[in-house]
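Okay, so here's the structure we're looking at.
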Amino acid sequence: MIPAIRGTHDILPGEIERWQQAEQVVRDICGRYGYREIRTPVIEREELFAKGTGETTDIVQKEMYAFQDKGGERVTLRPEATPSMVRAFVEHALEQHLPTVKIFSLGPMFRYERPQKGRYRQFHQLDVEVFGVSDAALDAEVIEMAAALVEALGIEDAEVVVNSVGCAECRPAFGRALVTALGDREADLCGDCRRRAAVNPLRIFDCKVPSCQPIVDALPHATDYLCDACRSHFDATTGLLEALGVAFRVSHRLVRGLDYYTRTTFEILGGRLGAQNALLGGGRYDGLVRRLGGPDRAGIGFAAGMERLVLAMPDGSGPRAPDAFIVALGDAARQPAHLLARDLRRAALTALIDYGDRSMKAQLRRANRTSARHVLILGDDELAQGHVTVKDMTSGGETRVGRDDVVRNLAGDLLPASPEQPARMRRPIGRDDGD
RNA sequence: GUGAGUGUAGCUCAAUUGGUAGAGCGCCGGACUGUGGCUCCGGAGGUCGCGGGUUCAAUCCCCGUCACUCACCCCA
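Residue numbers for the first sequence follow my numbering, beginning at 138 and rising by one.
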C-alpha cells in the first residue's frame, strides 16, 4: 500500500456530508452579504507570499512548499489565500468590474508543519476579502458575518475576540513602549518570549508559559497607544458591533501572526478543538494591496479553517435514504429491474439496486442497510402478472402495483402534500432528516 | 524543528512473565428453496507498522526506522 502523505487526509463518505453542509452554509451566508466567489490557483510565484504574507513570518520562513519548476521559476503551493486574492484583485482590476469588491474563496492551503488536532499540511480555508473600503462599518459587518457563519453552522460555544493593533503611524510607538515597559524583566521571560521581544514584541502577548503571565499582564495595551484616527476607527467598529448585537470580547492579547494587519484584528475561538482553537481569524490590512504592486486600497478579511469548522459542527446526519431499493429475482427479472431503476431515477427518485445473482435475503439485507423506504420486488410472479411488489420497509407491509404505475405512485407518495413539506429529494444536499 | 504516547482482523480493542493470536461490531452464508431489521449457528478475513539484533524459538525483550495521535513553536 502506498499511504497518503503526512498531514494530508481523505474525506470519506460519512464525513463528506458535513463538508457539503458547511460549504453550502458558507456560500449561502457569503451570498447574503454580497460576496462573489472566486477561485485562484493553488500554485503561485514564491515572491507573492514572501512580499504578501511577510518575509519574517514563520509561514514564509519555514512552512512553504516551495520549489523550482521545470522552467526555472520559483513557485510555491499557497500557504494562505490573501496574497492570491490581492493579486487577482490587482491583476484583473476587479474594482472596475464589481460594484464593491467583496470576494470569497474556498480551497486547499499547504503548510509544512507537524500535524496535530485541527492542523494539517493540506487544509482548507474559506477566505473572505473586501478591497477599497476603509469605513469601520465594514469592519463590524465582516465580524458580524463571521459570527453569523459560525452560528449558522450550529457551533454554539464560540467566542468573538476583537482588538486593534494600530496603523503604520502608531504601531511602531507601541512596539517601543512594549520594549521599554519590559525593561529588565525581559530576562525573566521564557526563551521564546525573549526571541519575540527582539523580532516582534507584539507576539509576546501570545505566550502561554505560566511564568510569563505576570509580566505580560503588566504590559501596556495596544489600544492605549492608538493614534486619533485608529482610536475612532476602533470605537466605531466596536460601537457598531454592539448595535448589531454581536457578543464579543476586546482582548489586548489578540495579536495576529501575520505582518500585514492594521487596525482591527479579530478571531473566533471554538471549544473542543484542542490546542488549535481558532475557528477563524482576520483583520484589516490597509497597506497590503499597494505593497503587492496595486493601487493604494484598503483591505479587510478573514480566513476560516474548514477542518476546524467541520470539527466543531454538531453531529450531522448520514447519507440520504433511498426512495426505493429494487430486488430482482432470477435472470429474467434483471433487465426489467434495471429499466425500472432508470425510470425511477428519471423521475428524480433515488433508486438503488443490487448486483450479481444474490438471494432475496441478501438483497433485502442490503436494502435494509441503505435505509431504503421501499423495496420493489421483481420476480417471476411479478413478471408474469405485469406488476411490482412494493414493500414498505417501515411497516413491512406489501402492495402490488402495476408496472406502469410504479413510478407515478412512488413519486406521488414522496411529493409534497403541501408547500410547507418539501420532498426530501428536492433538497440540494442529500440528508436523512429522519422523519 | 522539539517532546510525549500509541501501532495486533475492515472498525474498537484483548492476550501471550518469549512457544507464530482472540473477542465484540461489521461482512458473507445458513436456520427461513421469494422476504430485511431480532435470535441462533457457521464461515471468510491477520506480513502482530517495517528493518535489524538477542534466542532453539520474538507479536512480546533490545536497537533503529516509519506512521499515527496529542502537545510545543506557529497558525485556520
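Quick reminder that beta carbons are idealized off the backbone N, C-alpha and C, glycines included.
Item	Value
Between the Cα of residue 268 and the Cα atoms of 375, 252, 239, which residue gives the shortest distance?	239
Please state the DSSP three-state secondary structure of residue 160.	helix
Enumerate in chain order the residues of its own chain whose CB-to-CB distance from residue 243 is below 6 Å, with the five nearest sequence positions on each side excluded.	263
If you draw a straight line from the alpha carbon of residue 503 to that of residue 515, how long is it in whole angstroms?	16 Å
Cα separation between residue 415 and residue 498?	50 Å
Excluding the five sequence neighbours on either side, which residues of its own chain have a C-beta within less than 7 Å of the C-beta of residue 529, listed in chain order?	511
Can you tell me whether DSSP reads residue 465 as helix, strand or coil?	strand
Run through DSSP, which three-state label would residue 246 get?	strand
Thinking residue 411 and residue 291 are a contact (beta carbons under 8 Å), I'd like their distance in whole angstroms, please.	Incorrect: roughly 19 Å between the Cβ atoms, too far for contact.
Taking the beta strand (DSSP E) that residue 490 belongs to, which residues open and close that run?	488 to 490
I'd like the span of the beta strand (DSSP E) that includes residue 529, first residue to last.	524 to 529
Relative to the alpha-carbon of residue 142, which residue among 185, 542, 260 has its alpha-carbon at the smallest distance?	260
Nearest to residue 423 by alpha carbon, out of 466, 500, 270, 486?	270
Run through DSSP, which three-state label would residue 532 get?	coil
Express the C-alpha separation of residue 467 and residue 525 in angstroms, rounding to a whole number.	14 Å
Start and end of the beta strand (DSSP E) containing residue 402?	399 to 407
When you compare only the Cα positions, how much space is there between residue 155 and residue 457?	13 Å
Hey, quick one: how far does the beta strand (DSSP E) through residue 421 stretch, first residue to last?	415 to 421
Does residue 279 come out as helix, strand or coil in the three-state DSSP assignment?	helix
Can you tell which of 359, 538, 368, 331 has the C-alpha that lies nearest to the C-alpha of residue 346?	331
What residue range does the beta strand (DSSP E) around residue 261 cover?	259 to 268
Drop a sphere of 10 angstroms on the beta-carbon of residue 257, count the other beta-carbons inside from all chains shown, and report buried for 16 or more, exposed for fewer.	buried
For residue 203, list the residues DSSP reports as bridge partners.	213
So the beta strand (DSSP E) residue 296 belongs to, where does it begin and stop?	295 to 301
Check whether the Cβ atoms of residue 302 and residue 392 sit closer than 8 Å, and answer yes or no.	yes
Alpha carbon to alpha carbon, how far is residue 150 from residue 517?	36 Å
Near residue 505, which residues of its chain fall below 6 Å by C-beta distance, leaving aside the five closest residues on each side in sequence?	none
Return the CA-CA distance between residue 140 and residue 373, expressed in angstroms with no decimal places.	52 Å
Mind checking which residues open and close the alpha helix (DSSP H) that includes residue 499?	497 to 506
Kindly indicate which three-state DSSP category residue 570 falls into: helix, strand or coil?	Only weak support is given to the placement of residue 570: the predicted model assigns it a pLDDT of 33, under 50, and the value that follows is read from those uncertain coordinates. If DSSP states are grouped into helix, strand and coil, residue 570 belongs with coil.
Counting C-beta neighbours from all protein chains within 10 Å, is the total for residue 321 16 or more, i.e. buried, or is it exposed?	exposed
What residue from 224, 520, 339, 476 has the CA that sits closest to residue 176's CA?	224
Would you check whether the ligand HEM has a heavy atom nearer than 7 Å to the C-beta of residue 156?	Within the structure as shown, the ligand HEM is missing, as the structure has no ligands at all.
Run through DSSP, which three-state label would residue 440 get?	strand
If contacts are defined as beta-carbon pairs under 8 Å, then residue 488 and residue 461 qualify, I think. What distance do you get, rounded to the angstrom?	5 Å
How would you call residue 162, buried or exposed, if buried means at least 16 neighbouring beta carbons within 10 angstroms?	buried
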